[in-house]
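Numbering (our numbering), first residue to last: 1152 to 1477. To start, the structure under review is shown below, and the notes come after it.
Written as structure tokens, this is what we have:
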């Protein structure tokens, strides 16, 4: 069953009868950040341990990867600190509310003006650079601090390009920080608005994008506990989960040519679900088999599976904001 430290809210059992499948589940953000930071640190420790056991020629790569996981753990911890110390207000969430009521949730729906005028995410970005960026090489720190000191219009232009999928237009290191700042803004805004807007709980995804913000998923979860066996995609930006019937392509909705891949066996906790019709794939994280999995951390730890699938001609339909496409 889902443990007490799960960021997935428990079902309300006060209502008699068989509970309906929730179209959308909003996470407990503080717990989500806590779990993610802890899982990243755990995986970093595992990499260090493996490096000590491997041949010397492979140690440097393992140590570099461990260092990146540990850095990401600190970045997520900084997101949690922002959430706890400077929580978003309803007034700050107003631009997101206006987008939702306009039924505009395409990936590039935030306008340059909206991003420039939304001060919260810009301050979050600067705070993340100051906290997590302090552990990076001096040259990288200088570049990030220079970006944080840019005029709001310049920063908004970078954020707009990133949200629109122009990943090659943004420095890879800056992109991770920008997305982290945007995410802590969007995730809080959606959670705040959902508390007072029942319609937000019933929005539907189009083309595999998040129904609440239009961003791509990070992957899919198969839940356990009271929601045993249900599959939910998880947003890479606002962290919302939305229901998707299993063995259905998350992109084209076809069901005829769905296959599952892993390096282990058919009961592996992490699998890739491929669609033979549109040639897309997403990773499936089976919490019913391993409740300790965390979608971003464990996705990053299984990039060899991505490489194998791409060799087979499949195209990734998910985004990990810790590793943007080249």
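Yeah, the Cβ is synthetic: ideal placement off N, Cα and C, and Gly gets one too. Bear in mind that the values here come from a model prediction, so they are computed numbers and not experimental data.
Using CA atoms only, rank isn't needed, just tell me which of the options is closest to residue i.
i: residue 1424; options: 1460, 1351, 1186, 1312; result: 1460
i: residue 1349; options: 1159, 1171, 1175, 1366; result: 1175
i: residue 1286; options: 1314, 1323, 1260, 1229; result: 1229
i: residue 1156; options: 1173, 1189, 1163, 1170; result: 1189
i: residue 1352; options: 1359, 1341, 1358, 1360; result: 1341
i: residue 1304; options: 1263, 1284, 1319, 1293; result: 1263
i: residue 1275; options: 1192, 1200, 1335, 1289; result: 1335
i: residue 1454; options: 1395, 1232, 1202, 1216; result: 1216
i: residue 1261; options: 1388, 1430, 1429, 1417; result: 1388
i: residue 1250; options: 1337, 1277, 1173; result: 1337
i: residue 1446; options: 1390, 1163, 1430; result: 1390
i: residue 1194; options: 1373, 1407, 1443; result: 1443
i: residue 1187; options: 1173, 1319, 1223; result: 1223
i: residue 1283; options: 1227, 1315, 1293, 1163; result: 1227
i: residue 1323; options: 1242, 1474, 1413, 1307; result: 1474
i: residue 1293; options: 1430, 1277, 1163; result: 1277
Starting from residue i, trace the alpha helix (DSSP H) in both directions and tell me its first and last residue.
i: residue 1324; result: 1323 to 1346
i: residue 1246; result: 1245 to 1252
i: residue 1318; result: No alpha helix (DSSP H) holds residue 1318; DSSP gives it neither H nor E.
i: residue 1159; result: That residue, residue 1159, is in no alpha helix (DSSP H); it is neither H nor E in DSSP.
i: residue 1446; result: 1446 to 1451
i: residue 1410; result: First-last for residue 1410: 1409 to 1412, but that is the beta strand (DSSP E), not the alpha helix (DSSP H).
i: residue 1194; result: 1180 to 1204
i: residue 1460; result: 1454 to 1462
Where do the N-terminal and C-terminal ends of the beta strand (DSSP E) with residue i fall, by residue?
i: residue 1434; result: 1431 to 1437
i: residue 1269; result: Where residue 1269 is concerned, there is no enclosing beta strand (DSSP E), given that its DSSP letter is neither H nor E.
i: residue 1383; result: 1382 to 1386
i: residue 1304; result: Residue 1304 -> not in any beta strand (DSSP E); alpha helix (DSSP H) instead, spanning 1303 to 1314.
i: residue 1422; result: 1421 to 1426
i: residue 1371; result: 1368 to 1373
i: residue 1394; result: 1392 to 1394
Roughly how far, in whole angstroms, is the beta-carbon of residue i from the beta-carbon of residue j, given that I think they are within contact range, below 8 Å?
i: residue 1397; j: residue 1384; result: 11 Å between Cβ atoms; not a contact.
i: residue 1272; j: residue 1333; result: 5 Å
i: residue 1386; j: residue 1363; result: 7 Å
i: residue 1221; j: residue 1192; result: 6 Å
i: residue 1395; j: residue 1371; result: 7 Å
i: residue 1377; j: residue 1403; result: Wrong, their Cβ atoms sit about 30 Å apart, outside the cutoff.
Can you grab the Cα-Cα spacing for the pair residue i / residue j, in whole Å?
i: residue 1344; j: residue 1462; result: 42 Å
i: residue 1279; j: residue 1382; result: 32 Å
i: residue 1180; j: residue 1291; result: 29 Å
i: residue 1410; j: residue 1379; result: 21 Å
i: residue 1457; j: residue 1235; result: 35 Å
i: residue 1357; j: residue 1313; result: 20 Å
i: residue 1154; j: residue 1355; result: A caution first: residue 1154 carries a pLDDT of 46, below 50, which makes its placement in the model unreliable, though a value can still be read off. The straight-line gap from Cα to Cα measures roughly 28 Å.
i: residue 1321; j: residue 1178; result: 29 Å
i: residue 1432; j: residue 1233; result: 33 Å
i: residue 1476; j: residue 1434; result: 16 Å
i: residue 1203; j: residue 1212; result: 12 Å
i: residue 1486; j: residue 1281; result: In the structure as shown, the chain starts at 1152 and stops at 1477, and residue 1486 therefore has no counterpart that could be examined.
i: residue 1171; j: residue 1214; result: 47 Å
i: residue 1159; j: residue 1339; result: 15 Å
i: residue 1152; j: residue 1417; result: Bear in mind that a pLDDT of 36 at residue 1152, under 50, signals an unreliable position, so the model cannot answer this.
i: residue 1218; j: residue 1252; result: 42 Å
i: residue 1225; j: residue 1198; result: 17 Å
i: residue 1238; j: residue 1464; result: 43 Å
i: residue 1374; j: residue 1408; result: 23 Å
i: residue 1347; j: residue 1289; result: 45 Å
i: residue 1231; j: residue 1185; result: 7 Å
i: residue 1306; j: residue 1240; result: 22 Å
i: residue 1315; j: residue 1331; result: 16 Å
i: residue 1242; j: residue 1406; result: 43 Å
i: residue 1412; j: residue 1205; result: 27 Å
i: residue 1310; j: residue 1415; result: 39 Å
i: residue 1319; j: residue 1163; result: 44 Å
Mind checking if residue i is an interface residue toward chain D, Cβ cutoff 9 Å exclusive?
i: residue 1349; result: No chain D is present in this structure, which holds just one protein chain.
Taking 8 Å as the threshold, find out whether the region 1437 to 1454 comes into contact with the region 1291 to 1306 through three or more Cβ pairs. Pairwise C-beta distances place the region 1437 to 1454 out of contact with the region 1291 to 1306, as fewer than three of them are shorter than 8 Å.
Is it true that the region 1416 to 1423 meets the region 1440 to 1456, where meeting means three or more beta-carbon pairs spaced less than 8 Å apart? Touching, yes.
Do the region 1324 to 1331 and the region 1261 to 1271 touch if we need at least three Cβ pairs shorter than 8 Å? Using a C-beta cut-off of 8 Å, the region 1324 to 1331 makes no contact with the region 1261 to 1271, since fewer than three inter-stretch Cβ pairs fall below that distance.
Can we say the region 1299 to 1311 touches the region 1238 to 1247, given the rule of at least three CB pairs closer than 8 Å? Touching, no.
Inspect the CB distances between the region 1465 to 1475 and the region 1361 to 1369 and report whether three or more fall short of 8 Å. Contact between the region 1465 to 1475 and the region 1361 to 1369 is established, with three or more Cβ pairs separated by less than 8 Å.
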